[in-house]
Structure formats: C-alpha cells, structure tokens
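Chemist: Residue numbers (this note's numbering): -7 to 232.
1) Name the DSSP bridge partner or partners of residue 23?
2) Quick one: which unbroken beta strand (DSSP E) runs of 3-plus residues sit fully inside the stretch 155 to 201? Chain order, please.
3) Report yes if the C-beta distance between residue 67 and residue -6 is below 7 angstroms; otherwise report no.
4) Would you call the stretch 178 to 187 and the stretch 66 to 86 touching, i.e. three or more CB-CB distances under 8 angstroms?
5) Give me the DSSP bridge partner(s) of residue 151.
6) Are the Cβ atoms of residue 157 and residue 26 separated by less than 7 angstroms?
7) Residue 195 to residue 118, Cα distance in whole Å?
8) Taking C-beta to C-beta, are residue 84 and residue 101 nearer than 7 angstroms?
9) Use the C-beta contact count for residue 37: other C-beta atoms within 10 angstroms, 16 or more gives buried, fewer gives exposed.
10) So, using beta-carbon positions, are residue 190 and residue 173 closer together than 7 angstroms?
11) Going straight from the alpha carbon of residue 22 to that of residue 0, what length do you get?
12) In whole angstroms, what separates the C-alpha of residue 244 from that of residue 199?
13) For residue 46, which of helix, strand or coil comes out of DSSP?
14) Using the Cα positions of residue 114 and residue 77, report the straight-line distance between them to the nearest angstrom.
15) Across which residues does DSSP place residue 11 in a beta bridge pair?
16) Are residue 193 and residue 15 close, meaning C-beta to C-beta below 7 angstroms?
17) Where residue 108 and residue 64 are concerned, what is the direct C-alpha to C-alpha distance, given to the nearest angstrom?
18) Can residue 233 and residue 205 be called in contact, C-beta distance under 7 angstroms?
19) Helix, strand or coil for residue 70? Go by DSSP, reduced to three states.
20) So, residue 160 versus residue 52, is the Cβ gap smaller than 7 angstroms?
21) If we ignore side chains and look at the alpha-carbon of each, how far apart do residue 95 and residue 133 end up?
22) Grab me the residues of residue 3's own chain with a C-beta within less than 6 angstroms of its C-beta, minus the 5 sequence neighbours each way, in chain order.
23) Rank 31, 11, 44, 48 by C-alpha distance to the C-alpha of residue 20 and give the top, closest one.
24) Going by the beta-carbon positions, is the gap between residue 41 and residue 129 smaller than 7 angstroms?
25) Using the C-alpha atoms, what's the distance from residue 124 back to residue 97?
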C-alpha cells in the first residue's frame, strides 16, 4: 500500500477556536497529492494534547471521492527509556570507559540488552553485567518503526477522485486557554478615561499554529455524546 507523509509545510490555512475552559478546536487545511485507491497518510505536526476521539478528516475539493478506511493516533513518542525497551533482546554498541596509563579511553563494544526493567542487565562478551557504571554512550543500529518523534495522525484512505486534494483535519486539543485583562486609565480631571483590553493566550497543546485564524469563545462548554451518530466517537460542543 502506498504511504505518504504530510507536515506543516503542506499547510494552506489553520484556524483555532479557543475556549476559556482550557481547550481548543483546530481546523488544519493542507494541499496533498493522493494516489488512486487505498493509501496510508501520516499527518504530522498536530497537537500532543489532542483528543483522538474528536478527529475528523475530509476532502474539501472532492468530498464524495475520499473516504476513511482506518484511523489511528500514534503517540508512542521517542525517549531513551522506550528506545531501550524496544532493544531488549537485541544487540547494540556500548561505548565503555576504560582507564589506561591514567588516561580514560573510550572503547566501543557490542553487547546484548537482556532487561531494562528496574535497571539494565547486559550480556557483554561472556559476562552478564547489571547496571554497568562505565557506559559513556549507547549507539543504536536503527530507530524502531513504531517509535515516532512527534504525535502523528495516521489514516488509511480510499481515493476515488483526482490526485490533488485539499484536506481539512479537525480535532479538539486540551491545554490551550485564554483570558482577558483590562486597564482603566483615568484623566487628571476625573472626567474622562481610557479603557484598554488585552487578551493572553496560553498554548501548552504541543503544537504551534502559524498565521492562524483565531476565534475566542467565552462561556461554559459542555461536551456530550450524541446518540445515534453514524460515526462512533464524534463529540458535540455545546455552549451554555
């Protein structure tokens, strides 16, 4: 099956509706070339605090020509602990410190990681070593395919239309908020005053929204499941 990848470089526009209840609705439009038939698309540069149950994608150019076969959200992000976990039972290269003539030498050595649970157990040559303190570096032969550097939406799509599509992905993310502050400056004669308003947006969603069309909504937000939806997991947002 053909596989494609999309980053923020493909982005044509993005709009963010920020609610003052620490959540936001993101609509991300990108222009992409899709092969005919079934293909897999990795949609990158999305928020880390995304709610996967709210994700939706559509073709703006040919809505009836594009359908979703499968959708997933990959968030098994790369870090040293997870990388070592993936290499349990596999061979890799340790760079070991060794003193020689009062000088520290760095010596590469092939070793097998036997366990990474509450400590490390290595097979180095004919020895089994627990938590060796002389490891300077660990060198990996390759990055496991199921570890990614950033959150990614993955769709299996069926394209029955043309090759060029303008796709719109929408989702709700947490950890984005706004508040307003006002400053009243009264004149010396106490007869006139200037009122200035400022809005502060705090974005800890894990994504940046360049040149975004921004909307701010105040009010109590209630999210609820709508019974009878054809597509399970679709949310409604109701302002009270």
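Just so you know, even glycine gets a beta-carbon here, dropped at the ideal spot from N, CA and C.
Modeler: Taking the structure as given:
1) On the chain shown, position 31 is the one that residue 23 refers to. In the DSSP output, where bridge partners are listed per residue, residue 23 has 158.
2) Here the runs fully enclosed are 156 to 166, 168 to 178, 185 to 195.
3) For the purposes of this step, residue 67 is identified with residue 75 of the chain shown, where counting begins at 1. For the purposes of this step, residue -6 is identified with residue 2 of the chain shown, where counting begins at 1. Cβ distance not < 7 angstroms, so residue 67 and residue -6 don't count as in contact.
4) no
5) What you label residue 151 is simply residue 159 of the chain shown in a count that begins at 1. Looking at the DSSP assignment, residue 151 forms a beta bridge with 29, 58.
6) As a first step, residue 157 is located in the chain shown; it is residue number 165 there, counting from the start. As a first step, residue 26 is located in the chain shown; it is residue number 34 there, counting from the start. Closer than 7 angstroms, so yes.
7) Taking the chain shown and counting its residues from 1, the one referred to as residue 195 is at position 203. Taking the chain shown and counting its residues from 1, the one referred to as residue 118 is at position 126. Each residue's Cα considered, the two are about 52 angstroms apart.
8) Along the chain shown, one-based indexing puts residue 84 at 92. Along the chain shown, one-based indexing puts residue 101 at 109. No; because the gap between Cβ atoms is not below 7 angstroms, this pair is not in contact.
9) Mapped onto the chain shown, residue 37 falls at position 45. Burial call: buried.
10) Reading the chain shown from its first residue, position 198 is the one you call residue 190. Reading the chain shown from its first residue, position 181 is the one you call residue 173. Closer than 7 angstroms, so yes.
11) Your numbering for residue 22 matches position 30 in the chain shown. Your numbering for residue 0 matches position 8 in the chain shown. Using only the alpha carbons, I get a separation of about 8 angstroms.
12) As shown, the chain starts at -7 and ends at 232. That puts residue 244 outside it, with no answer to give.
13) For this step, residue 46 is matched to residue 54 along the chain shown. In the structure shown, residue 46 sits in a helix (DSSP, three-state: H, G or I).
14) Within the chain shown, residue 114 is the residue found at index 122, counting from 1. Within the chain shown, residue 77 is the residue found at index 85, counting from 1. So the two alpha carbons sit approximately 13 angstroms from each other.
15) Taking the chain shown and counting its residues from 1, one reaches residue 11 at position 19. Answer is 15, 209, bridged to residue 11.
16) One-based indexing of the chain shown puts residue 193 at position 201. One-based indexing of the chain shown puts residue 15 at position 23. No, they are not a contact pair.
17) Numbered from its first residue, the chain shown carries residue 108 at position 116. Numbered from its first residue, the chain shown carries residue 64 at position 72. Each residue's alpha carbon lies about 28 angstroms from the other.
18) Past the edges of the chain, shown from -7 to 232, lies residue 233, and the structure says nothing about it.
19) The sequence position of residue 70 within the chain shown is 78, counting from 1. Correct three-state label for residue 70: coil.
20) As a first step, residue 160 must be located in the chain shown, where it is residue number 168. As a first step, residue 52 must be located in the chain shown, where it is residue number 60. In this structure, residue 160 lies near residue 52, with their beta-carbon atoms less than 7 angstroms apart.
21) On the chain shown, residue 95 is found 103 positions in, with the first residue counted as 1. On the chain shown, residue 133 is found 141 positions in, with the first residue counted as 1. Taking the straight line from one Cα to the other gives about 29 angstroms.
22) Numbered from 1 along the chain shown, position 11 holds the residue referred to as residue 3. Around residue 3: 22.
23) For this step, residue 20 is matched to residue 28 along the chain shown. Per the Cα distances, 48.
24) Start at 1 with the first residue of the chain shown, and residue 41 comes out as number 49. Start at 1 with the first residue of the chain shown, and residue 129 comes out as number 137. For residue 41 and residue 129, no; Cβs fall outside 7 angstroms.
25) Within the chain shown, the letter at position 105 stands for residue 97. Within the chain shown, the letter at position 132 stands for residue 124. Computed Cα separation, rounded: 16 angstroms.
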